[in-house]
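Protein chains: 2
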Amino acid sequence: MQESKPTKTTIKDIAQAAGVTPTTVSLALNNRPGVSKKTREKIFRLAETLNYEPNFTARSLRSKRSYTLGLFMKNIADPFYPQLAKSISETANDCGYNVILCNVGDDVDLKVKHLKILRGKGVDGIIFTTMLDDDPYVIQLIEESFPFVTAVRHIHINGMNDQIVSVTVDNFSGAYQAIQHLYRLGHDRIGIIAGDERTSTMVDRTAGAGQALLDCGIEPDGKMIAKCNYSRKLAMAATRDFLAMKYRPSAFFAEDDTMAIGVREAVLKAGLRIPEDIALVGFDDIDVAGITGIELTTINQQIIEIGRLSVNLLVDRIEKKSAPLVSKIVLQPELVIRKSCGFHLKGYRTDRVRVK
Amino acid sequence: MQESKPTKTTIKDIAQAAGVTPTTVSLALNNRPGVSKKTREKIFRLAETLNYEPNFTARSLRSKRSYTLGLFMKNIADPFYPQLAKSISETANDCGYNVILCNVGDDVDLKVKHLKILRGKGVDGIIFTTMLDDDPYVIQLIEESFPFVTAVRHIHINGMNDQIVSVTVDNFSGAYQAIQHLYRLGHDRIGIIAGDERTSTMVDRTAGAGQALLDCGIEPDGKMIAKCNYSRKLAMAATRDFLAMKYRPSAFFAEDDTMAIGVREAVLKAGLRIPEDIALVGFDDIDVAGITGIELTTINQQIIEIGRLSVNLLVDRIEKKSAPLVSKIVLQPELVIRKSCGFHLKGYRTDRVRVK
DNA sequence: GTGAAAGCGCTAACAG
DNA sequence: CTGTTAGCGCTTTCAC
């Protein structure tokens, strides 16, 4: 029925059929003023009939707008990221943008390489969830006022800080709550399973945890912190070491749920029980955390909201072409009490619950 | 140091600086014959100095090649898909392509909409992991010989079947193994938690399960199959119903691990134990399946390999511009025995282990 | 309201 | 080996 390989219809074809010029067709199809209602309707009818589909590549070349965003992810297979990816890609689609997924890990060279490609492809903006403190390309992006947002992690650059748009949770507060919760449950020796020290999340969470310890009257102790790079395996190994200590921790705070799962594995493999022997609190509230038998107490970081807001901010920035009005959004985290902390067994120690 | 907003250097600039024409520059930079070594080197040096970065949009417009692929996913937040997305995007990157992620669910209208946009953006090919039996756009894609691959799921269209490239696991065999395994453990009443009937995975797995039952001398029974659409919630509800039956199943086969988790939740909430009271086998071998306390017996479907092969096939198709030599790849699934089936407690019933 | 003409940056024929 | 010419499909002045 359909002739094979009918060359795609272009605005030229429509123009010809309508007896007008491509200019008019372009104006009409883009709903811009300067076209009479009659011709406009005719053009729309013809576009429909001829099965016209716009060529975005040509449009991009001319208008410098691709309606495509880049998304830098550390590792989409890590259970924390998929929800974020979903939220980001769906919000972007709703705004009329597509998303190119770049799974780049924390490898700086790879990030630089992808950045070049994405910019060569003319993406209108980029969402970074992979920002490291020493990422070298950020300053240039700012100087060129290329639109980007950092989500989850943020980055601080002296003198340019209000030009960096970021959406994060209050990581300091989240970690603070986690430690305070464990303290109130009666724990004084708390092992901290920390992330990658080049990330703002690790820095802020570790600081929040440290402050909470101080406020609870516990002297922070370097030996009680293990840097595990947000890796489940490293967290398992570190936990084994902790458990072999003479005065071992009675509780762990893992700076993300993936590491918390690692801690859990190591604890169970050592023949200890959670929470009876060891209490555990994570961070992120990934899906697995809620499954029966896992029931990880953790800090919810509203990941879907982070994704949504990041895209909205980025699109605003792109479309208004203005400097950002809002440059930082900080969401409030929430302690989600499940069973791994032991709260359901014994509640808070009465002498440790002060008014907030 | 850097002047602000230096308009991007183009091959024209390089041509001027080198005293040649854009053509020569284009040939040189694309490593194509017809340029003397000397000019070639000069051009490369200048490209470096002038910090040239190719404009892929312009190239696309001219050459009809975007080095971008589309990826259709049902739900990137479902734990089955992230590994696939990772494998696909990384393989694509290695081949010099980017991937646009389209999280489209099973909504046909949305799929059609995204397909139009992607084609408008000139993607060189598409990987569908969302194919449904009645997806309406497939025939047209084939007729236009637009490159695409279906991964995980396949689709059958009379008369065009060898033009559809697909990479799947042998779903029939996987389900067969699952049921046989449960039978050998002594189970005769096996509840089947089935997926979405419009998917080939559901059809094949259900058929494999049915055949296994027959071969084991068990009459398949419609009341023992619940269609749960690959949804954890529906699987929970169906399991509750199964458990309320007069002669309730002693085992469940869930056609994916997400539903198996749902079964698990429902069974545990009913106060029953896994595997002592109820045996459970899933399908996919997602990451969570291996966690202590979950330890789901399941069928591994080599998801990373599916992703890798899909991209390789697609890229071959695109770059050779030929009809596909290989049109179907079927991987072999593997039964992964953990604890949810109860094998570790009692092993196979000796009277039920026949030579394979 | 509409049209003519130019051009985004690159590649592809074809000539020399 | 290199240059000339044209044009991908669209948008965008600037005239009329």
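Chains as they are written, first to last, in my numbering: chain R, 2 to 357; chain Z, 2 to 357.
We put the CB at the ideal spot given by N, CA and C, even for glycine.
Residues of chain R whose Cβ lies closer than 9 Å to the Cβ of S37(Z) do not exist; the shortest such Cβ separation is about 27 Å. Between I89(Z) and V105(Z) a beta carbon distance of about 15 Å is seen, past the 8 Å cut, so the two are scored as non-contacting. Fully enclosed beta strand (DSSP E) runs of no fewer than 3 residues occupy 69–74 of the stretch 18–76 of chain Z, in order along the chain.
Beta-bridge partners assigned by DSSP to C103(R): F73(R). Take M74(Z), set aside five residues on each side of it, and the residues of its chain with a beta-carbon closer than 6 Å to its own are Y82, N104 and T130, in chain order.
Burial check for E42(R): the Cβ neighbour count within 10 Å stays below 16, so the residue is exposed. Secondary-structure assignment with DSSP links F149(Z) through a beta bridge to I127(Z).
Close CB contacts of V139(R) within its chain, under the 8 Å cut and outside five residues either way in sequence, are with M132, I156, I158 and I165 (chain order). Boundaries of the beta strand (DSSP E) around E335(R): E335 to V337. Under the 8 Å criterion on CB atoms, P148(R) is classed as non-interfacial with respect to chain Z. Using a CB distance below 8 Å, no part of the stretch 170–189 of chain R faces chain Z.
In the three-state reduction of the DSSP assignment, A255(Z) falls in the strand class. Secondary structure of I193(Z) (DSSP, three-state): strand. Under a criterion of Cβ atoms nearer than 8 Å, the residues of chain Z adjacent to V100(R) are, in order, I101 and L102. Scanning chain R for C-beta atoms nearer than 9 Å to the C-beta of L62(Z) yields N56, T58, A59, S61 and L62, reported in chain order. Cα atoms of L47(Z) and I118(R): separation of roughly 19 Å, rounded to the nearest angstrom. Burial of R154(Z) is indicated by the presence of at least 16 other C-beta atoms within 10 angstroms of its C-beta. Closer than 8 Å to the CB of V264(Z) there is not a single CB belonging to chain R. Under DSSP, the beta-bridge partners assigned to I226(R) are I193(R). When C-beta atoms of the stretch 91–98 of chain R are compared with those of the stretch 301–318 of chain R, three or more pairs fall below 8 Å, so the two segments count as touching.
In this model, S174(R) and V312(R) are separated by some 24 Å (Cα to Cα). The beta carbons of I319(Z) and D14(Z) sit no closer together than 8 Å. In the DSSP assignment, A245(Z) falls outside any alpha helix (DSSP H), carrying neither H nor E.
Along the stretch 280–292 of chain R, going in chain order, the ones with a CB nearer than 9 Å to a CB of chain Z are D288, V289 and I292. Along the stretch 117–149 of chain Z, going in chain order, the ones with a CB nearer than 9 Å to a CB of chain R are K117, I118, L119, R120, G121, K122, G123, Q141, E144, E145 and S146. When secondary structure is reduced to three states using DSSP, D317(Z) falls in the helix class.
Taking the beta carbon of I77(R) as reference, the chain Z residues within 8 Å of it are I77, P83, A86, K87 and S90, listed in sequence order.
Annotated three-state conformation of V327(R) is coil, per DSSP.
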